[in-house]
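Structure first, commentary second.
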Amino acid sequence: MLKFPSPYDKILPDQIKTEKTPEYNRDNNICNQIIGSLVGLAIGDALGASVEFRPQQYLAANPVSKMQGGGTWGLDAGKWTDDTSMALCLASSLIAENGFNPYNQMVRYKWWHKHGYFSSTGHCFDIGKATRQSIVEFTLRQEILKIPYRCRNEYEVDTLTLDSIERIKDFNMYCSEEDSAGNGALMRLCPVPLFYFKTPDIAVEYAGRSALLTHSDKKAVDACRYYAALIIGALNGYDKDELLHKDFYKKNKHWFGNESIHEDIILVAEGSFKKKGGYEQGIRGKGYVVNSLEAALWAFWSDGNSFEKGALATVNLGDDTDTTAAIYGQLAGAYYGYKKIPKEWLDKLYARELIVCMGEWLHFQGSQRGLVDFLQYSITSPSILTETSRSQEQKQNQQTASAATASAEPNKSKDANVNNKSNNMSYSKQLSNSIHSNDLESDFDGVSSFMSSNDQDTYTRKTHTYGFYRNNSKN
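Counting from 76, one number per residue, gives the positions in the sequence shown under my numbering.
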């Protein structure tokens, strides 16, 4: 089993031990495509890192033509930023958990933010506003879990099992604000469809849920669902004309369950990116998810079947250069495969051995999935619509209660101000206050009711290792 270090060991990605997969009936073509997608993301990220935030006018005069260092972050050529760090956090969670565990994904994103986990420099940098907000909010909400499970430190709460988390009925790990329509979820997406390549409908569903953790705007969620479907299509032999056909979504709508995609994403799917003039006709490498999606698909459509040409085209659009190129690299890498990425870029890519190894493990573990996955998912998983509406329902309940209070006591201005402050409190703080003021047994009825008092303490300490290995040289 591929093992990942603890965040407390401060092991850099190029120092992580790689391990070969067990022998299995390997489809070399699909494995090449899966590795190509993950590596393609990292290549695009590294290619655009040196000119991130540069405007198109600057790049028109000084176009990027090779893997280069310096610039915005002062990185060595081939080193990558937040896009790849978060994608590797997501991939490591899927591999270590052998499946989709949103709590563990958020924990790993927190480790990146707090400890520099899977960062090319050993510390978090280039983090987006919506992502930061979600991680900070998640960290606050974790305080709630320490009470019923008697967690003594961060490690114990971070390594609680998903079953344990789900027993706390009011704990919500989806921490995004409603208007978060940036590209921060799309940039890290590909490990989900790569892992679930044999079950397109599950891949599309989980792609949406992976976005919801940090970006809950429907456009951001549906951009991930649609792009996951394209990656799945590429892995299953669709040619470029089929992938970019205006009816791709309609023809594969059964992959999307009962939840249709946002009209702005439908416009992109129907071909709004097919503009030969590129930037001159409105293609933009901006942080808004619809712009990013459109730019990546424009580059894929116009790249002349050359990964190199398409990746450079996305970078030279300017602005959010690393992310636009990382998004392009996910689909182009899945379509062209690892072997079609320029060798001189691969030779410079930081921690390439680890990224290739993780791609191989995604293929190995994904190849083992199928009917059992589908049955478990169908029986136990709520739809993405359920997860999306959960936070909204909580907010609506709060607003309804607030309105009722204001109507009943219209003249108490001081009390009204207090109520307003309460409504503006983060979800975590309100829930924490609720737990402290109520009987813990009622909030924790899912666990203590079936255990004796002698067994309960042992149960609450039961945690996963999540595929960690510890550095024995450290205490």
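Using N, Cα and C, we set each Cβ at its ideal position, and we do this for glycine too.
Just the C-alpha distance for residue i and residue j, rounded to the nearest angstrom, thanks.
i	j	result
residue 93	residue 321	41 Å
residue 219	residue 225	10 Å
residue 408	residue 223	45 Å
residue 89	residue 122	18 Å
residue 157	residue 313	30 Å
residue 410	residue 227	47 Å
residue 334	residue 276	12 Å
residue 421	residue 197	21 Å
residue 91	residue 299	29 Å
residue 87	residue 187	11 Å
residue 273	residue 303	12 Å
residue 130	residue 365	18 Å
residue 77	residue 368	32 Å
residue 245	residue 216	10 Å
residue 341	residue 377	20 Å
residue 348	residue 242	45 Å
residue 184	residue 85	15 Å
residue 82	residue 229	11 Å
residue 142	residue 102	31 Å
residue 438	residue 352	38 Å
residue 631	residue 416	This structure does not reach residue 631, given that the chain is present from 76 up to 550, and the question cannot be answered.
residue 291	residue 250	8 Å
residue 79	residue 168	10 Å
residue 210	residue 181	7 Å
residue 434	residue 176	18 Å
residue 440	residue 427	20 Å
residue 337	residue 355	26 Å
residue 358	residue 266	26 Å
residue 442	residue 136	46 Å
residue 212	residue 379	44 Å
residue 234	residue 315	42 Å
residue 192	residue 164	8 Å
residue 35	residue 231	What is shown of the chain runs 76 to 550, which leaves residue 35 out entirely.
residue 423	residue 203	26 Å
residue 49	residue 248	With the chain represented from 76 up to 550, any question about residue 49 goes unanswered, as that position is not in the structure.
residue 105	residue 432	15 Å
Just checking my contact of residue i with residue j at CB under 8 Å: how many whole Å lie between their CB atoms?
i	j	result
residue 296	residue 287	6 Å
residue 373	residue 96	About 36 Å separates the two Cβ atoms, so there is no contact after all.
residue 252	residue 208	6 Å
residue 268	residue 256	Not quite, the Cβ-Cβ distance comes to about 21 Å (not below 8 Å), so this is no contact.
residue 371	residue 406	7 Å
residue 289	residue 400	Contact doesn't hold; Cβ gap of about 20 Å is too wide.
residue 195	residue 413	So it is not a contact: roughly 20 Å between Cβ atoms.
residue 271	residue 444	7 Å
residue 166	residue 237	Not a contact, Cβ separation roughly 18 Å.
residue 108	residue 310	5 Å
residue 115	residue 404	3 Å
residue 110	residue 178	Contact flag wrong, Cβ pair sits at about 28 Å.
residue 339	residue 294	5 Å
Identify which residue in the options has its Cα closest to the Cα of residue i.
i	options	result
residue 263	284, 244, 252 and 245	284
residue 395	114, 147, 209 and 197	147
residue 375	363, 398 and 402	402
residue 363	426, 386, 261 and 280	261
residue 419	111, 104 and 153	153
residue 54	404, 413, 385 and 397	No information on residue 54 is available, as it lies outside the stretch 76 to 550 that the chain covers here.
residue 259	235, 310, 338 and 160	160
residue 162	139, 117 and 137	117
residue 330	308, 339, 343 and 337	308
residue 551	170, 339, 210 and 211	There is simply no residue 551 to check, as the chain begins at 76 and stops at 550 in what is shown.
residue 327	301, 231 and 354	301
residue 144	325, 120 and 132	120
residue 214	203, 199, 189 and 193	189
residue 48	98, 105 and 140	This structure cannot settle anything about residue 48, because the visible part of the chain is limited to 76 through 550.
residue 199	155, 232, 174 and 221	155
Is there at least one Cβ from chain C nearer than 9 Å to residue i's Cβ?
i	result
residue 172	Protein chains in the displayed structure number just one, and chain C is not present.
*asked:* Below 8 Å, how does it come out for the segment 381-391 and the segment 113-132: are there three or more Cβ pairs, yes or no?
replied: yes
*asked:* Extract the residue ranges of the alpha helix (DSSP H) inside the segment 144-197, only unbroken runs of 4 or more that lie entirely within it.
replied: 157-172 and 177-190
_Suppose only complete runs of 4+ residues qualify. What are the alpha helix (DSSP H) ranges in the segment 228-306, listed by chain order?_
229-233, 237-241, 266-270 and 275-287
_Uninterrupted alpha helix (DSSP H) stretches inside the segment 373-461 (no shorter than 4 residues)_ = 382-390, 396-411, 418-423, 427-442 and 446-455
*If you scan the segment 313-377 from start to end, which runs of the beta strand (DSSP E) of 3 or more residues do you find wholly inside it?*
none
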